[in-house]
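Peer 1: Each residue of the sequence shown is one higher than the one before, starting from 505 at the first, in my numbering. Backbone N, C-alpha and C fix where the C-beta goes; we use that ideal spot for every residue, glycine too. Everything numeric in this text was worked out from a predicted model, so none of it was measured.
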Amino acid sequence: MATLVAVAVPALAPLAGHGGDPTAALRVGRFSASRSFIEQDFREPVLTEDTGHDGQPFYLPAATFPDLSASAELVE
């Protein structure tokens, strides 16, 4: 149980800080190459003040599966 809590708290912290908005977990950056793609699915994603990180490289292939080449140029 302690391991579950230790993993869940850092993973859920960005969501709690932005009212449960799931785009907070994607960490989309204001200057991200994938921002325009993600904004097609999420109208107003939570943005970081840089290029972002973490969730973007995982979201893009998942959103374009099975055509993975559709997101290849956007993964930084």
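If I follow the unbroken alpha helix (DSSP H) through Asp571, where does it start and stop?
Peer 2: Taken as a continuous stretch (DSSP letters only), Asp571 belongs to no alpha helix (DSSP H), as it is neither H nor E.
Peer 1: According to the Cβ coordinates, are Ala510 and Pro518 closer than 8 Å?
Peer 2: Cβ distance not < 8 Å, so Ala510 and Pro518 don't count as in contact.
Peer 1: In the structure shown, what three-state DSSP assignment does Val550 receive?
Peer 2: Coil at Val550, not helix or strand.
Peer 1: Taking the alpha-carbon positions, what's the Phe541 to Pro549 distance?
Peer 2: Those two C-alpha atoms are separated by around 11 Å.
Peer 1: Measure the C-alpha to C-alpha separation of Arg547 and Arg539 and round it to an integer number of angstroms.
Peer 2: Roughly 11 Å separates the two Cα atoms.
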